[in-house]
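K.L.:
Each residue of the sequence shown is one higher than the one before, starting from 3 at the first, in the numbering used here.
All C-beta atoms in this analysis are idealised placements derived from N, C-alpha and C, irrespective of residue type, glycine included.
These numbers come from a predicted model, not from an experiment.
Sending over a structure as C-alpha cells; questions will come in a sec.
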Amino acid sequence: MSKLNADQPIGVFDSGIGGLTVVRSLAELLPSEEIVYLGDTARLPYGTKSAETIRRFAHEDTEFLIERQVKMVIVACHSATSAALPFLKKDFKLPIIGVIEPGARAATKASKNRRIGVIGTPATISAGEYERAILAADPNARVIAKSTPLFVPLVEEDWVDKNVTHQVIAEYLTSLRDDKIDTLLLGCTHYPLLAPALDRFFEHKVKLVDSGDETAQAAHEVLKKMNLLRDTSHHGSCRFYLTDLSPNFRSIGERFLGEPMHDVIRVSVNHEG
C-alpha cells in the first residue's frame with residue numbers, strides 16, 4: 003500500500019444503509035473530509051450469518067474501499083465489528099476502527115451510577131462485545147443488555163413517533179428503567195433515529211450514547227495523531243456505493259443521512275462471482 007495522505011477519503015462500510023448515521027456524524031465533525039460509503043445491501047443482514055461468513059464479507063468490503071484509495075476504514079456495522087475487527091486490523095496496514103469500543107468508552111464516562119443499559123440487535127447483544135468493552139473500561143459497571151429486534155423495522159418504516167413504537171419501547175425497556183440505569187448505549191446504527199422517543203420514555207433522565215458520534219470522534223483523534231486530517235479550506239463530499247438498490251433505499255438512506263443522497267452507484271464486492 004502506498005503512503006497515506008490527508009487528501010485521501012475516509013472509507014465507511016456497513017451491511018446496509020444504517021451506517022449512514024455514522025457518515026452523518028463524520029460529516030458534521032469533519033466537514034472537510036471526503037467520504038466513501040459502501041453498503042453491502044445485497045447480503046444484509048450480517049447479524050444472522052456465521053462469524054466466518056461475516057469476516058469474509060468484511061474482508062471483501064475493506065478491500066473494495068482500499069481499492070478506492072481510502073486513508074482509514076470505519077466498520078460502521080456492529081456485527082462486523084464484533085466478528086471481524088481484529089482480523090481486519092491484522093490483514094490491512096491502514097487505520098481501521100469499529101463502532102463498539104468508542105461507544106463503550108463514552109458510556110462509562112457518561113454514567114454517574116455505573117448502571118449502563120445497552121440495546122442492539124440479537125446478534126450484537128448475544129455476542130456480548132459491548133459488555134466486555136464497558137467492563138474493560140470500568141470493571142465496576144453494571145451492564146444491562148437488551149435485544150430490541152423490532153426497532154430496526156420500525157425505523158425503516160419511518161414509524162419513529164407512532165403509538166406502536168412507543169408501545170414497543172415500553173415493552174422492551176421498562177425493565178431497564180426499573181433497574182435505574184442512567185446511561186443507555188444505542189448499539190445499532192438505526193437507533194439514533196429513535197432518540198427522541200427513547201428520551202421521552204426515560205423522561206429525559208437517561209443519557210443516550212450514540213455510537214456513531216463517538217466513532218466519528220475516535221476517527222478524528224486517530225487522523226489527527228497520524229497527521230492525516232484534511233485541510234479545513236476544503237469542502238468534503240460523499241460517494242455512495244451499494245451492492246443492491248432496493249426500491250426504498252433512497253428514502254430510508256436520506257433519513258439516516260439527513261440530506262439528499264447523490265452519486266449512488268451499484269457495485270459488486272463478491273470476489274466469488
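Checking 8 Å against the spacing of the C-beta atoms, do His61 and Leu90 come in under that value?
P.N.:
Cβ distance < 8 Å, so His61 and Leu90 count as in contact.
K.L.:
Using the Cβ count rule (16 or more neighbours within 10 Å means buried), how would you classify Val38?
P.N.:
By the neighbour-count rule (16 or more Cβ atoms within 10 Å), Val38 is buried.
K.L.:
Could you tell me the distance, in whole angstroms, from the CA atom of Asp181 to the CA atom of Pro11?
P.N.:
Roughly 43 Å between the two C-alpha positions.
K.L.:
In this structure, how does DSSP classify Tyr66 when only helix, strand and coil are distinguished?
P.N.:
The question names Tyr, but residue 66 is Phe in the sequence shown. Three-state DSSP puts Phe66 in a helix.
K.L.:
Can you name the start and end residues of the alpha helix (DSSP H) that Leu87 belongs to?
P.N.:
Start and end: His80 to Asp93.
K.L.:
For Leu67, count neighbouring Cβ atoms within 10 angstroms of its own Cβ and tell me buried if that reaches 16, exposed if not.
P.N.:
Leu67 should be labelled buried.
K.L.:
Where does Arg179 fall in DSSP's three states?
P.N.:
In the structure shown, Arg179 sits in a helix (DSSP, three-state: H, G or I).
K.L.:
Within this structure, are the beta carbons of Leu188 and Val211 separated by less than 8 Å?
P.N.:
Their beta carbons are under 8 Å apart, which means Leu188 touches Val211 by this criterion.
K.L.:
Leaving out five residues on either side along the sequence, give the residues of the same chain with a beta carbon under 8 Å from the beta carbon of Glu223.
P.N.:
Once the five neighbours on either side are set aside, Glu223 has no close Cβ partner at all.
K.L.:
Phe204 lies in the alpha helix (DSSP H); which residues open and close that run?
P.N.:
Phe204 -> no alpha helix (DSSP H), and no H or E assigned at all.
K.L.:
For Met74 and Ser52, what's the separation of their Cα atoms in angstroms?
P.N.:
Between Met74 and Ser52, the C-alpha separation is close to 26 Å.
K.L.:
Comparing C-alpha positions only, which one of Phe153, Ile146, Thr167 and Val166 sits nearest to Leu283?
P.N.:
The requested residue 283 does not occur in the structure, where the chain is confined to residues 3 to 275.
K.L.:
Rounded to a whole number of angstroms, what is the C-alpha to C-alpha distance between Ala129 and Asn142?
P.N.:
Looking at the two C-alpha atoms, the distance is approximately 20 Å.
K.L.:
Asp163: which of Pro194, Lys148 and Pro151 sits nearest, CA to CA?
P.N.:
Taking only the C-alpha atoms, the option nearest Asp163 is Pro194.
K.L.:
State the Cα-Cα distance for the pair Pro97 and Glu173, rounded to the nearest angstrom.
P.N.:
Answer to the nearest angstrom: the Cα atoms are 40 Å apart.
K.L.:
Would you mind giving the Cβ-Cβ distance between Ile102 and His80, rounded to the nearest angstrom? I have them listed as a contact below 8 Å.
P.N.:
That pair is a contact at about 7 Å.
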